[in-house]
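Peer 1: Here it is: the structure, laid out below.
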Amino acid sequence: MVFGVYNAAAQYYRFAAADVASADFRAKAISLVLAGGLVGGIVGPETSKLTVDLLQTHYLGAYLSLIWFLVLVVLVVQLLDIPVPAAAAPQGADAAARADHGAAVFVVAVFAAAIAYGVMNLLMTATPLAMGICGHPYSAAATVIGWHVIGMLGRRSSPARSSSASECCR
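Residue numbering for the sequence shown is 577 to 746, as defined by our numbering.
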């Protein structure tokens, strides 16, 4: 439950950083969100290495530390004052056709995102399991996942990718 609430909050502020920032601050806002992800790619695996055997039940300390971080992020996001953007009504005679096209694009985008997220979760779950079966220590698997996150977010930091979420569908 905590992870689901966190995902909703995290996805919201990621897009809000691009959509509600002023034009001159937008690139910096996106960079700050990506930098937070990069920090998480380092802090998360390192914290899990320190807490995986902290309690008597293996992994319980790592899960509890993750829940603590997730709750902390959700509480911080609650403190942000993110204005609600005004809805722009479509203009012109073909507004209904554009609305139908927009709905179809939205459905395809959600379907593609769900498939991609599922594949990513499968791979990020299977990799540490396979590494453990092959005899690699937990710390090595945590390092691999951390570098994956760093590579994934670091790749997105190019200036050509710094458009807002609303601009990607135009």
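Idealized CB from N, CA, C, for every residue including glycine.
Please read all numbers here as calculations on a predicted model, not as lab measurements.
#1: Work out the CA separation of M696 and G637 for me, nearest whole Å.
#2: DSSP on A741, reduced to helix/strand/coil?
#3: In angstroms with no decimal places, state the Cα-to-Cα distance between Y635 and L626.
#4: Quick check on T633: does DSSP put it in helix, strand or coil?
#5: Consult DSSP for G612 and reduce its assignment to one of helix, strand or coil.
#6: Report back the beta-carbon spacing between V720 and G613 to the nearest angstrom; my notes put them in contact at under 8 Å.
#7: Please report the Cβ distance between S749 and A718, rounded to the nearest whole angstrom; I am assuming they are in contact, meaning their Cβ atoms lie under 8 Å.
#8: Exposed or buried, which one is G620 when buried takes at least 16 other CB atoms within 10 Å?
#9: From E743 to V649, what distance separates their C-alpha atoms?
#10: Going by the CB atoms, is the gap between V647 and Y582 shorter than 9 Å?
#11: Can you tell me whether DSSP reads H724 as helix, strand or coil?
#12: My output table needs one value for R746: the three-state DSSP class, helix, strand or coil.
#13: In this structure, does DSSP put I643 in helix, strand or coil?
#14: Drop a sphere of 10 angstroms on the beta-carbon of A685, count the other beta-carbons inside from all chains shown, and report buried for 16 or more, exposed for fewer.
#15: Suppose you measure from the CA of A592 to the CA of G711; what does that come to, to the nearest Å?
#16: Could you have a look at L559 and say whether DSSP puts it in helix, strand or coil?
Peer 2: Considering the structure as presented:
#1: When rounded, the distance between both Cα atoms is 24 Å.
#2: With a pLDDT of 45 at A741, under the threshold of 50, the modelled position of this residue cannot be trusted; read the value that follows with caution. Residue state, collapsed to three classes: helix.
#3: In this structure, the alpha-carbon of Y635 lies about 10 Å from that of L626.
#4: Here T633 sits in coil by DSSP.
#5: G612 falls in the helix class under three-state DSSP.
#6: Contact between V720 and G613 does not hold, since their C-beta atoms are separated by about 17 Å, which reaches or exceeds 8 Å.
#7: Shown here, the chain extends from 577 to 746; a query on residue 749 therefore has no answer.
#8: So G620 counts as buried.
#9: Since pLDDT at E743 reaches only 46, below the 50 mark, its modelled position is unreliable, and the value read off the structure follows with that caveat. Those two C-alpha atoms are separated by around 27 Å.
#10: Yes, Cβ-Cβ distance for Y582 and V647 is below 9 Å.
#11: H724: helix per DSSP, three-state reduction.
#12: Since pLDDT at R746 reaches only 42, below the 50 mark, its modelled position is unreliable, and the value read off the structure follows with that caveat. The answer is coil: DSSP assigns R746 none of H, G, I, E or B.
#13: DSSP places I643 in helix when its eight states are reduced to three.
#14: So A685 ends up on the exposed side.
#15: A592 and G711: Cα-Cα distance of roughly 43 Å.
#16: This structure gives no information on residue 559, because the portion of the chain shown stretches from 577 to 746.
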